[in-house]
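Numbering (our numbering), first residue to last: 33 to 190.
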(Lines of atoms letter the chains of each structure in order from A and count residues from 1; the text may use other names and numbers.)
(Lines give C-alpha, C1' and ligand atoms only; values in the text may rest on other atoms or scores of the structure.)
Protein backbone atom coordinates (compact mmCIF):
# COMPACT_ATOMS: atom_id res chain seq x y z
CA UNK A 1 0.00 0.00 0.00
CA UNK A 2 2.98 2.31 0.54
CA UNK A 3 3.95 1.99 -3.11
CA UNK A 4 0.35 2.68 -4.16
CA UNK A 5 0.30 5.86 -2.06
CA UNK A 6 3.52 7.07 -3.68
CA UNK A 7 2.10 6.35 -7.15
CA UNK A 8 -1.10 8.21 -6.26
CA UNK A 9 0.82 11.25 -4.99
CA UNK A 10 3.03 11.21 -8.08
CA UNK A 11 -0.03 11.07 -10.30
CA UNK A 12 -1.66 13.96 -8.47
CA UNK A 13 1.52 16.05 -8.73
CA UNK A 14 1.70 15.30 -12.43
CA UNK A 15 -1.94 16.41 -12.90
CA UNK A 16 -1.33 19.58 -10.87
CA UNK A 17 1.68 20.35 -13.05
CA UNK A 18 -0.39 19.89 -16.22
CA UNK A 19 -3.11 22.19 -14.84
CA UNK A 20 -0.55 24.85 -13.92
CA UNK A 21 1.04 24.57 -17.36
CA UNK A 22 -2.36 24.87 -19.04
CA UNK A 23 -3.29 27.89 -16.93
CA UNK A 24 0.02 29.71 -17.12
CA UNK A 25 -0.41 33.02 -18.89
CA UNK A 26 -4.19 32.95 -18.39
CA UNK A 27 -4.80 35.60 -15.79
CA UNK A 28 -8.57 35.16 -15.58
CA UNK A 29 -8.30 31.46 -14.76
CA UNK A 30 -5.64 32.18 -12.13
CA UNK A 31 -7.84 34.87 -10.59
CA UNK A 32 -10.74 32.44 -10.55
CA UNK A 33 -8.72 29.85 -8.62
CA UNK A 34 -7.66 32.52 -6.16
CA UNK A 35 -11.29 33.54 -5.59
CA UNK A 36 -12.66 30.01 -5.10
CA UNK A 37 -12.60 30.20 -1.26
CA UNK A 38 -14.46 33.51 -1.41
CA UNK A 39 -16.99 32.03 -3.86
CA UNK A 40 -17.56 29.05 -1.55
CA UNK A 41 -18.18 31.45 1.31
CA UNK A 42 -20.79 33.38 -0.72
CA UNK A 43 -22.54 30.15 -1.73
CA UNK A 44 -22.84 29.00 1.89
CA UNK A 45 -26.47 29.37 3.02
CA UNK A 46 -25.51 30.35 6.53
CA UNK A 47 -23.44 33.26 5.24
CA UNK A 48 -26.17 34.51 2.88
CA UNK A 49 -28.83 34.17 5.58
CA UNK A 50 -26.69 36.06 8.04
CA UNK A 51 -25.90 38.75 5.50
CA UNK A 52 -29.46 39.11 4.20
CA UNK A 53 -31.65 38.70 7.28
CA UNK A 54 -31.46 40.38 10.61
CA UNK A 55 -32.17 38.41 13.77
CA UNK A 56 -35.69 39.88 13.95
CA UNK A 57 -36.38 38.96 10.33
CA UNK A 58 -35.23 35.36 10.99
CA UNK A 59 -37.53 35.15 14.02
CA UNK A 60 -40.45 36.47 11.95
CA UNK A 61 -39.71 33.93 9.23
CA UNK A 62 -39.76 31.05 11.71
CA UNK A 63 -42.96 32.35 13.33
CA UNK A 64 -44.61 32.76 9.93
CA UNK A 65 -43.76 29.16 9.12
CA UNK A 66 -44.78 27.89 12.57
CA UNK A 67 -47.95 26.17 11.35
CA UNK A 68 -46.09 24.48 8.52
CA UNK A 69 -43.32 23.40 10.89
CA UNK A 70 -45.89 21.98 13.33
CA UNK A 71 -47.53 20.02 10.52
CA UNK A 72 -44.18 18.67 9.43
CA UNK A 73 -43.36 17.78 13.02
CA UNK A 74 -46.67 15.91 13.38
CA UNK A 75 -45.99 14.03 10.15
CA UNK A 76 -42.50 13.15 11.32
CA UNK A 77 -43.92 11.94 14.64
CA UNK A 78 -46.49 9.82 12.79
CA UNK A 79 -43.74 8.44 10.58
CA UNK A 80 -41.59 7.49 13.55
CA UNK A 81 -44.60 5.82 15.25
CA UNK A 82 -45.24 3.75 12.13
CA UNK A 83 -41.59 2.91 11.55
CA UNK A 84 -42.11 -0.73 12.59
CA UNK A 85 -44.90 -1.08 10.03
CA UNK A 86 -42.88 0.66 7.36
CA UNK A 87 -39.93 -1.65 7.97
CA UNK A 88 -42.09 -4.79 8.05
CA UNK A 89 -41.22 -7.62 5.74
CA UNK A 90 -44.52 -7.13 3.91
CA UNK A 91 -43.60 -3.60 2.87
CA UNK A 92 -40.03 -4.68 2.11
CA UNK A 93 -41.41 -7.40 -0.20
CA UNK A 94 -43.33 -4.90 -2.36
CA UNK A 95 -40.55 -4.42 -4.96
CA UNK A 96 -40.27 -8.19 -5.35
CA UNK A 97 -44.00 -8.52 -5.82
CA UNK A 98 -44.21 -5.69 -8.35
CA UNK A 99 -43.08 -7.99 -11.18
CA UNK A 100 -45.71 -10.56 -10.22
CA UNK A 101 -48.35 -7.84 -10.09
CA UNK A 102 -47.32 -6.60 -13.51
CA UNK A 103 -47.54 -10.14 -14.91
CA UNK A 104 -50.98 -10.63 -13.36
CA UNK A 105 -52.11 -7.25 -14.70
CA UNK A 106 -51.04 -8.23 -18.20
CA UNK A 107 -52.84 -11.56 -17.84
CA UNK A 108 -56.01 -9.80 -16.66
CA UNK A 109 -55.88 -7.37 -19.58
CA UNK A 110 -55.43 -10.28 -22.01
CA UNK A 111 -58.35 -12.12 -20.41
CA UNK A 112 -60.51 -8.98 -20.62
CA UNK A 113 -59.65 -8.63 -24.30
CA UNK A 114 -60.49 -12.30 -24.88
CA UNK A 115 -63.79 -11.91 -22.97
CA UNK A 116 -64.66 -8.88 -25.10
CA UNK A 117 -63.88 -10.86 -28.24
CA UNK A 118 -66.04 -13.76 -27.04
CA UNK A 119 -68.86 -11.33 -26.21
CA UNK A 120 -68.70 -9.88 -29.72
CA UNK A 121 -68.63 -13.35 -31.24
CA UNK A 122 -71.60 -14.44 -29.10
CA UNK A 123 -73.57 -11.38 -30.19
CA UNK A 124 -72.77 -12.13 -33.82
CA UNK A 125 -73.87 -15.76 -33.45
CA UNK A 126 -77.08 -14.77 -31.64
CA UNK A 127 -77.87 -12.29 -34.40
CA UNK A 128 -77.33 -14.97 -37.04
CA UNK A 129 -79.48 -17.41 -35.04
CA UNK A 130 -82.26 -14.83 -34.71
CA UNK A 131 -82.14 -14.16 -38.46
CA UNK A 132 -82.41 -17.90 -39.22
CA UNK A 133 -85.31 -18.35 -36.78
CA UNK A 134 -87.07 -15.32 -38.29
CA UNK A 135 -86.64 -16.67 -41.81
CA UNK A 136 -87.86 -20.14 -40.76
CA UNK A 137 -90.88 -18.59 -39.03
CA UNK A 138 -91.75 -16.65 -42.18
CA UNK A 139 -91.33 -19.79 -44.28
CA UNK A 140 -93.57 -21.82 -41.94
CA UNK A 141 -96.19 -19.06 -42.04
CA UNK A 142 -96.12 -19.11 -45.85
CA UNK A 143 -96.45 -22.92 -45.90
CA UNK A 144 -99.26 -22.73 -43.34
CA UNK A 145 -101.04 -20.15 -45.49
CA UNK A 146 -100.63 -22.25 -48.62
CA UNK A 147 -101.76 -25.39 -46.78
CA UNK A 148 -104.82 -23.55 -45.46
CA UNK A 149 -105.68 -22.36 -48.98
CA UNK A 150 -105.27 -25.90 -50.36
CA UNK A 151 -107.47 -27.31 -47.56
CA UNK A 152 -110.14 -24.67 -48.29
CA UNK A 153 -110.02 -25.49 -52.02
CA UNK A 154 -110.20 -29.22 -51.25
CA UNK A 155 -113.18 -28.66 -48.94
CA UNK A 156 -115.00 -26.65 -51.66
CA UNK A 157 -114.43 -29.37 -54.24
CA UNK A 158 -115.96 -32.02 -51.99
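C-beta atoms are modelled at their ideal positions from N, C-alpha and C, and glycine is treated no differently.
Leaving aside the five residues before and after residue 178 along the sequence, list all residues of the same chain whose C-beta is less than 7 Å from its C-beta, in chain order. Working through the chain shown from its first residue, we reach residue 178 at position 146. There are no such residues.
Supposed contact pair residue 61 and residue 68 - C-beta distance, whole angstroms, cut 8 Å: For the purposes of this step, residue 68 is taken as the residue at position 36 of the chain shown. For the purposes of this step, residue 61 is taken as the residue at position 29 of the chain shown. Rounded, the Cβ-Cβ distance is 11 Å, inconsistent with contact.
What runs of the alpha helix (DSSP H), each 4 residues or longer, lie entirely inside the stretch 93 to 156? With a minimum length of 4 residues, the continuous alpha helix (DSSP H) runs that stay inside the stretch 93 to 156 are 98 to 113, 115 to 118 and 121 to 124.
Same chain only: Cβ atoms within 8 Å of residue 133, ignoring 5 sequence neighbours per side: Here residue 133 corresponds to residue number 101 of the chain shown, with the count starting at 1. Nothing listed; no residue qualifies.
I'd like the list of long-range same chain contacts for residue 115, defined as Cβ closer than 6 Å, with 5 residues on each side in sequence excluded. Here residue 115 refers to the residue found at position 83 of the chain shown. Within the same chain, and ignoring the five residues on either side of residue 115 in sequence, no residue has its Cβ closer than 6 Å to its Cβ.
Taking just the CA atoms, how far does residue 99 sit from residue 151? Counting from 1 along the chain shown, the entry for residue 151 is found at position 119. Counting from 1 along the chain shown, the entry for residue 99 is found at position 67. Cα-Cα distance, rounded: 57 Å.
So, residue 79 versus residue 73, is the Cβ gap smaller than 8 Å? Residue mapping note: residue 79 aligns to position 47 of the chain shown, counting from 1. Residue mapping note: residue 73 aligns to position 41 of the chain shown, counting from 1. A contact, by the Cβ cut-off of 8 Å.
Taking just the CA atoms, how far does residue 76 sit from residue 45? Mapped onto the chain shown, residue 45 falls at position 13. Mapped onto the chain shown, residue 76 falls at position 44. Straight-line Cα distance between these residues: approximately 30 Å.
What is the residue span of the alpha helix (DSSP H) that residue 72 lies within? Taking the chain shown and counting its residues from 1, the one referred to as residue 72 is at position 40. 68 to 75 is the span of the alpha helix (DSSP H), which, as asked, contains residue 72.
Using the C-alpha atoms, what's the distance from residue 108 back to residue 84? Position 52 of the chain shown, counted from the start, is the residue given in the question as residue 84. Position 76 of the chain shown, counted from the start, is the residue given in the question as residue 108. Taking the straight line from one Cα to the other gives about 30 Å.
Would you tell me roughly how many angstroms separate the C-alpha atoms of residue 182 and residue 169, rounded to the nearest one? As a first step, residue 182 must be located in the chain shown, where it is residue number 150. As a first step, residue 169 must be located in the chain shown, where it is residue number 137. So the two alpha carbons sit approximately 20 Å from each other.
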